[in-house]
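Count the sequence shown with our numbering and you get residues 187 to 673, in order. To start, the structure itself, in structure tokens.
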Amino acid sequence: MNKKTKLIVFASSIILSAIILCFFLTGYYSVDTERIYFQGYTDYATKDAYIRDGRFISAIIFIIVGIFNPEIKTMHIINVIISIFILSICVVEIYNLITKYGKTKEKKQKIIAFIISYTYIFNFIIVDILQFVDSFVISASILCFIMAIKKIIIEKHKKVGFALTLLGVLCYQGTIPMYIATAILVTLLENKKINIEYFKKILPCAISIIVSALVSVALVNLVPVVTGMELTDRISKIEYLENIEKNILKMGEVILYSFDLFPPYLWISITILILALSAIVGIRKKNIQFPINVLFIFMMYIFSWLIMFPIQIAVNAPRVYYVIGQAVSAMLIYIYCTNFGELKSKFYINSIVIITIIYFIITIFSILKSTYDLKLANKLDQNFSQKIYSEITKLEEQGITINKITIRYTDSGKNIKKYSQLLRNNSAYLLGTYNLQRFEFYTGKRIEGRVPNFTEEIEHKYFDGKKSEDEVQFHNEGNILYILVDL
């Protein structure tokens, strides 16, 4: 692939990403963002998350960021921009992989190759990664892994590949499934079939990731010894068997609803369609090995997903299951790079091309819709905070000082239906997890405390007889502000 083509692919990826991630490019506040706001970059990196999670590269970077102390919204925007650049390099590398094994002489072939490369990297789960202020470090991990696999399997530079693998793990351990699955795919493209030679070629990758993971575990366990700090609950209090059980029970939900980041049932429907078409045409053309290999690729991506089952509950952290979002594109990469299995079926070729384009369009709009919903979740929390602030200000103008607030949700269900599931899961206002820190974050005003005992009796006493179509109602008694939310 020449420099001009690389530049076109890179620029196209950046422009497209800037469009579909436009809502994040205006700044987004995640839960971590809020914690950084109150603790500061340095304390967050050293005392809260990164060092105690064993993410030392993130810790070093954010200690340096703490010196300059940029406004948190600005930092998230910079983070997304850097992530787009890094991930666009990943797109170029995957495109390069496709052009190495597949046919890309015609303009149409090049466009299809770009579409598949783009959806492999910017799949629907990328939204969950990019919402966090350190997503550029996770993006760097993805790039390191792709480059490591290229160095080990294709270029035979095993030492460089191992160094990149280790660097990728130290950046972010949650992308390890993506390394495993991509290594399996690239090895199959390189070796053409699964035999003894296949396992010989993939063995250096297996050794690299196992050793790198063990080094990471050793470093994590050194944290309490060296710093005297306890590891975070995410590491020290992992309930392995309980996590496996919960993930198994949630598998159906993940497969059908795709973490609410992709239209319900479509991911599995597209997967089944690709597998079914490959099987039918493969059997008719007497090439049964081709559909078996397509199924093998899909199953290996699922297997890589299962590796995280003991460690992290899927629905709570889609970002560590990034490999799920890559599964469809992985099958398309294999199909395209094997010249559609040499089946010489116009029906099959046209069907796969149509599926590829449809999947690309759905992915683009899913990312745009998801980022819009997440941004709207911020807006709902901000608006709720401003309503409370306005009520407190109005009461202060009347000489009433409010230093405690208490919130009760009616759970009537009449208003919650108008919000998407993703929005419900990410707005503290809709979740009922709104707290004083979030109020201070959005308004800059500090309230002394929150009264926990807003009972049903108090609701009847102060709010019965008040007719209101508003979701939020207020009543003050002395210095306490009672807030009734009717969702």
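For glycine and all other residues, C-beta sits at the position ideal for the given N, C-alpha and C. Just so you know, these numbers come straight off a predicted model, no measurement behind them.
DSSP places Gly635 within a strand segment (E or B) once states are collapsed to three. For Ile593, there is no enclosing alpha helix (DSSP H); the enclosing beta strand (DSSP E) has its first and last residue at 590-595. Inter-residue distance for Phe445 and Met437 is about 11 Å (C-alpha atoms, whole angstroms). In the three-state DSSP reduction, Val658 falls in the strand class (E or B). The Cβ atoms of Leu350 and Met333 lie closer than 8 Å to each other. Taking a cut-off of 8 Å for Cβ pairs, the region 656-671 and the region 569-578 touch, as three or more such pairs fall below it. By the CB criterion at 8 Å, Val277 and Ser244 fall outside the cutoff. A straight-line Cα-Cα distance of about 38 Å links Tyr236 and Leu481. Under DSSP, Leu667 shares a beta bridge with Ile591, Asn662. Where Lys293 is concerned, the enclosing alpha helix (DSSP H) starts and stops at 293-307. Under the DSSP assignment, Gly252 falls in the alpha helix (DSSP H) whose first and last residues are 242-254.
Residues of the same chain with a CB within less than 7 Å of the CB of Ser613, apart from the 5 flanking positions on each side, are Ala563, Leu566, Asp567 in chain order. Lys345 and Leu329 have their alpha carbons spaced roughly 17 Å apart. Per DSSP, Cys208 lies in no alpha helix (DSSP H) segment and is marked neither H nor E. DSSP places Ala513 inside the alpha helix (DSSP H), whose first and last residues are 508-523. By the CB criterion at 8 Å, Ser269 and Ser325 fall inside the cutoff.
In the DSSP assignment, Asp218 falls within the unbroken alpha helix (DSSP H) covering 217-225.
It is roughly 18 Å from the alpha-carbon of Ser552 to the alpha-carbon of Ile200. By the Cβ-count criterion, Leu316 is buried, with 16 or more other Cβ atoms from all chains shown falling within 10 Å of its own Cβ. Ranked by Cα distance from Phe300, the first of Ser515, Lys555, Thr641 is Ser515.
Excluding sequence positions up to five before and after Asn589, its CB lies within less than 6 Å of the CB of Glu634, Asn665, all in the same chain and listed in chain order. Under the three-state reduction of DSSP, Ala235 is assigned to coil, being neither helix nor strand. Judged by their CB atoms, Leu374 and Ile380 are nearer to each other than the 8 Å cut-off.
A contact between stretches requires three or more CB pairs, one per stretch, nearer than 8 Å, and the region 464-481 fails this requirement with the region 493-512. In this structure Ile395 touches Ile362 by the C-beta definition: roughly 6 Å separates them, less than 8 Å. Closest option to Thr219, judged by alpha-carbon separation, among Ile206, Pro256, Asn601: Pro256. For the set Tyr281, Glu528, Glu431, Cys208, the Cα lying nearest the Cα of Phe476 is the one of Glu528. The beta carbons of Lys386 and Ile339 sit about 11 Å from each other, so the pair does not count as a contact at 8 Å. By the criterion of at least three beta-carbon pairs nearer than 8 Å, the region 223-230 is not in contact with the region 201-214.
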